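The structure under discussion appears below in the form of structure tokens.
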DNA sequence: TGTCGGCCTATACCTTGGTATAGGGTTCCC
DNA sequence: GGGAACCCTATACCAAGGTATAGGCCGACA
């Protein structure tokens, strides 16, 4: 529909130079920044930008299969969304790829528009994943500045205990809890208890179930 | 690995009687409750039990394709997990099915173990989806008993505003807010503000972003 | 008509939360 | 030894939350 509003990268890995050329010019014409490689190794040697991006990958690669490469990236916690292409793939291959989180799996020859749709969807997915990850990271950053006691108090506070109950549980005086609690609020930059509770949930603290 | 601990249903839809027979006995031998049908219509005429279940579906069915049936179920908000089987499928078919949320897509002939693995995973997925849905439903149930004012106050409270700020926003007195707030807590069965905040987030109320 | 529920307000009283100020202690490190 | 960070406590004071009691207004419904 609309052109990408900010810079986004598309990485192409295919051992066929003609395909690399064709895809590069297709993507560039849509305003994407493109880098292409003939092997997975070359791609890995390249630094990934801190921008929405995706990987367009031939399933049959030199030395390593696309599927193996996909799980290798997963093991290294590299979350770039992947679009597979294949000339001679089969159904189990495509199913395995999709189960492992691939965005799409296109058979050659494919229509340019199908590829562009897949890339647009992958980029948009990556954009929101990056936003989520960034905010979670900053949350963890702040949380890590809490002293052990402050973390402990924060967990109890956000699970709904009163200061005096926390004091009982930790065998401390209530005033001490108030101090830790205040510090936790400041360090987490929470402007209300509701805020702190939401942060705790995002961090995976506390309980579940109503 | 382990047998299903509580009763779970597997629905088989295939126009080939021999396959229905074979799958039925396979699933029954694993302790599942099985119902089989030769058409999608027959399956739809059957009441779905309030139990973990899944649907094993041939992609080629009389009158309607498995893929169409899948999207028909989605449109009707029927969320039973689907495992597709096919004798003559192709990759685009499998990709479309997986994108639409299918659990697996097996090509005939398949190994019994592959089918059993898929069913086990589908049942386990459905079990946890049902738990989530049940608790969300009970939450919505309670929320719907709140008067409009109470809902409004709950939204403001769980977004972190003070009673006096809410009073200002709603042009009411602070004591009125306290009353509504207390009612909201009681009706939602929240035992703490932290609880109420968590409920509000599950209900999709309030803001986002730290 | 009466009654019920939702809605709004007020007074009064108590609990809880939050912070400033001022101590005390420890350990670790320069 | 001095400083820094963490930890614990206390007094005092004020702000905010919570509830009981009591009352008035309105619209729906039997």
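Chains as they are written, first to last, in my numbering: chain A, 145 to 354; chain B, 145 to 354.
In this text, a Cβ means the ideal position worked out from N, Cα and C, and glycines have one as well.
Since the model is a prediction, treat every value here as computed from it, not as a measurement.
| Query | Result |
| --- | --- |
| C-alpha gap between residue 320 of chain B and residue 302 of chain A, whole angstroms | 26 Å |
| Span of the alpha helix (DSSP H), counted from its first residue to its last, around residue 321 of chain A | 318 to 332 |
| Rounded C-alpha distance that separates residue 312 of chain A from residue 267 of chain A | 51 Å |
| Cβ of residue 251 of chain B within 8 Å of any chain A Cβ | yes |
| 7 Å CB neighbourhood of residue 317 of chain B in its chain, flanking five on each side removed | 311 |
| C-alpha distance - residue 365 of chain B paired with residue 247 of chain B, whole-angstrom precision | No answer is possible for residue 365 of chain B: it lies beyond the span of chain B, which begins at 145 and ends at 354. |
| Under 7 Å (Cβ pairs) to chain B, residues found in the stretch 321 to 349 of chain A | 335, 336, 337, 338, 339, 341, 342, 343 and 345 |
| Proximity to residue 281 of chain B [Cα-Cα], best of B:346, B:184 and B:160 | B:346 |
| Within chain B, the residues that residue 235 of chain A reaches when beta carbons sit closer than 7 Å | 233, 235, 238, 249 and 251 |
| Own chain partners of residue 193 of chain A with C-beta closer than 6 Å, once the 5 adjacent residues on each side are dropped | 153 |
| Stretch pair the stretch 154 to 169 of chain A + the stretch 196 to 207 of chain A: three plus CB contacts closer than 8 Å | yes |
| CA-to-CA distance, residue 195 of chain B to residue 223 of chain B, given in whole angstroms | 12 Å |
| Beta strand (DSSP E) segment containing residue 226 of chain B, residue limits | 226 to 230 |
| Short Cβ contact (8 Å threshold) for residue 337 of chain B with residue 337 of chain A | yes |
| Endpoints, the alpha helix (DSSP H) within which residue 204 of chain B is located | Taken as a continuous stretch (DSSP letters only), residue 204 of chain B belongs to no alpha helix (DSSP H), as it is neither H nor E. |
| Interface flag, residue 210 of chain A vs chain B, CB-CB below 8 Å | no |
| Neighbourhood of residue 145 of chain B by C-beta, 7 Å cutoff - its chain only, sequence neighbours within 5 removed | Legend: pLDDT at residue 145 of chain B = 47, less than 50; position of this residue unreliable, value from coordinates given subsequently. Hits under 7 Å: none found. |
| Sequence-distant residues of its chain with Cβ nearer than 6 Å to residue 361 of chain B (five each side left out) | Any property of residue 361 of chain B remains undetermined from this structure, which presents chain B solely from 145 to 354. |
| Start and end residues, alpha helix (DSSP H) containing residue 289 of chain A | That residue, residue 289 of chain A, is in no alpha helix (DSSP H); it is neither H nor E in DSSP. |
| 8 Å Cβ cutoff, residue 245 of chain A in contact with chain B | no |
| Range covered by the alpha helix (DSSP H) that runs through residue 179 of chain A | Where residue 179 of chain A is concerned, there is no enclosing alpha helix (DSSP H), although the beta strand (DSSP E) it sits in stretches over 177 to 181. |
| Residues bridged to residue 103 of chain A (per DSSP) | Given that chain A is displayed from residue 145 to residue 354, the structure contains no residue 103 of chain A and the question cannot be resolved. |
| Through-space distance from residue 326 of chain A to residue 353 of chain A, alpha-carbon basis | At residue 353 of chain A the pLDDT is 45, less than 50, meaning the model places this residue with poor confidence and gives no usable figure here. |
| Option in B:219, B:151 and B:212 with minimal Cα separation from residue 237 of chain B | B:212 |
| Close-in-space but distant-in-sequence residues of the same chain around residue 279 of chain B (CB under 7 Å, 5 per side omitted) | none |
| Beta-carbon proximity list for residue 300 of chain B, same chain, < 7 Å, skipping 5 on both sides | 310 and 313 |
| CB contact below 8 Å: residue 304 of chain A versus chain B | yes |
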